[in-house]
Amino acid sequence: MYKILKAEKLASNIYLMDVEAPRIAKSCQPGQFIIVKMDEKGERIPLTICDYDREAGTITIVFQPVGASTEKMTSLKAGDSFRDFTGPLGQPSEFVKEDIEELKKKKFLFVAGGVGTAPVYPQVKWLHEHGIIADVIIGAKTKDLVILEEEMKKVGNVTVATDDGSYGFKGMVTGAIEELVNNGNKYDVCVAIGPMIMMKFVCLLTKKLEIPTIVSLNPIMVDGTGMCGACRVVVGDEVKFACVDGPEFDGHKVDFDQAMKRQQMYKTEEGRALLKLREGDTHHGGGCGCGGDK
Ligand code: NAD
Ligand code: FES
-4 MYKILKAEKL
6 ASNIYLMDVE
16 APRIAKSCQP
26 GQFIIVKMDE
36 KGERIPLTIC
46 DYDREAGTIT
56 IVFQPVGAST
66 EKMTSLKAGD
76 SFRDFTGPLG
86 QPSEFVKEDI
96 EELKKKKFLF
106 VAGGVGTAPV
116 YPQVKWLHEH
126 GIIADVIIGA
136 KTKDLVILEE
146 EMKKVGNVTV
156 ATDDGSYGFK
166 GMVTGAIEEL
176 VNNGNKYDVC
186 VAIGPMIMMK
196 FVCLLTKKLE
206 IPTIVSLNPI
216 MVDGTGMCGA
226 CRVVVGDEVK
236 FACVDGPEFD
246 GHKVDFDQAM
256 KRQQMYKTEE
266 GRALLKLREG
276 DTHHGGGCGC
286 GGDK
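For reference, each letter of the sequence shown is one residue, going -4 to 289 in this note's numbering.
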């Protein structure tokens, strides 16, 4: 059992929890994710890691209820436990493996959209711990939905953008990127994490601006095990699975339209059956419950 040490509401519909998981806290890296299961029969829920404390042995998760299981999770309090808490899963962010002196020469721009701000935080914090200060845009629909601003300001140069202009830059993150670039900022790398539609439009813009861009495809995962096939995505000429090969990919090579269309189809039994028909073996190992390749 994995004890919840802290449970709080960050904004309407966004929740944060600190969970006791010393083994994961010891080895996880920015970019990775975990899978939680509330009880034996519970659904597997893949969630990005928002923070980790290696000494205290804790992992921080941030989530938004999007279905019955995540809705049920919102009722858990400090003192309750998860039945399973598995990880770290997926590949760490590329920069973790790079030479620090080479990294120090690069200017990073992070673009965090809504709940996607959570997985951006450990990346910016990691760079800060290694002497690199990145620029960060936090985008939200409105002021009350901006999360982790104070924490992010301690580790990076933060610009907040709200769609309705209730706080900071008025407009979407793409407008804030253009403003930073028009003000003379030059970037070697952009890391964009948020809703699929945001990552698509950030990539269209950064392609034009010639800024190499990494995106995190967590939103298309279902079971996070490489079994269900939900997170199948075309990157360049290759078929990849976000939960095993990613979640981070070269955003300029991701076919977002296809990934979003597939994500919608995966939500219905009919859609899953059609994917199975079209994709056969590459669809899955049967984890989604549609009968697998039997
Ligand atoms: P949201 O809809 O409030 O969007 C956040 C910001 O994204 C907006 O403020 C805007 O600046 C930008 N954005 C949205 N549409 C855009 C467009 N067409 N062009 C340019 N910018 C645009 O975000 P939310 O409701 O907090 O998002 C929840 C989504 O984030 C879920 O779909 C969830 O799956 C996803 N998510 C992604 C990750 C990840 O790793 N990529 C992690 C957690 C959550
Ligand atoms: Fe990747 Fe199921 S989420 S295969």
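Note that the Cβ used here is the ideal one computed from N, Cα and C, for glycine as well.
Using a 10 Å radius around the Cβ and a threshold of 16 neighbouring Cβ atoms, would you call residue i buried or exposed?
{"i": "S70", "result": "exposed"}
{"i": "L143", "result": "buried"}
{"i": "E50", "result": "exposed"}
{"i": "C283", "result": "With a pLDDT of 46 at C283, under the threshold of 50, the modelled position of that residue is not reliable, and no figure is offered here."}
{"i": "T263", "result": "exposed"}
{"i": "E89", "result": "exposed"}
Between the options, which lies nearest to residue i when the distance is taken from Cα to Cα?
{"i": "T81", "options": "T55, I30 and K36", "result": "I30"}
{"i": "M12", "options": "G109, A113 and G62", "result": "A113"}
{"i": "G37", "options": "I9, G62 and C45", "result": "G62"}
{"i": "M222", "options": "P214, V239 and V229", "result": "V239"}
{"i": "D158", "options": "I132, K149, K148 and R49", "result": "I132"}
{"i": "I40", "options": "G170, Q24, E66 and G26", "result": "E66"}
{"i": "K4", "options": "D48, E96 and A73", "result": "A73"}
{"i": "P87", "options": "S64, M68, G160 and F28", "result": "F28"}
{"i": "P25", "options": "P83, D34 and L140", "result": "P83"}
{"i": "E44", "options": "T208, P242 and E265", "result": "This sequence places Ile at residue 44; Glu is not what is there. The shortest Cα separation from I44 among T208, P242 and E265 belongs to P242."}
{"i": "D250", "options": "L272, K195, G219 and G111", "result": "K195"}
{"i": "F103", "options": "K120, V110, G111 and G109", "result": "K120"}
Give the C-beta separation of residue i and residue j to the nearest angstrom, bearing in mind that I take them to be a contact with Cβ-Cβ under 8 angstroms.
{"i": "C226", "j": "V217", "result": "7 angstroms"}
{"i": "I19", "j": "I54", "result": "6 angstroms"}
{"i": "D75", "j": "I(-1)", "result": "5 angstroms"}
{"i": "G85", "j": "H123", "result": "The Cβ separation is near 22 angstroms, so there is no contact."}
{"i": "V210", "j": "I172", "result": "About 14 angstroms; that fails the 8 angstroms criterion."}
{"i": "Y116", "j": "E93", "result": "Not quite, the Cβ-Cβ distance comes to about 20 angstroms (not below 8 angstroms), so this is no contact."}
{"i": "C23", "j": "Y47", "result": "5 angstroms"}
Just grab the DSSP bridge partners of residue i for me.
{"i": "C198", "result": "Answer is none; C198 lacks a bridge partner."}
{"i": "L42", "result": "I29"}
{"i": "F244", "result": "V210"}
{"i": "N177", "result": "According to DSSP, which records beta bridges pairwise, N177 is partnered with nothing at all."}
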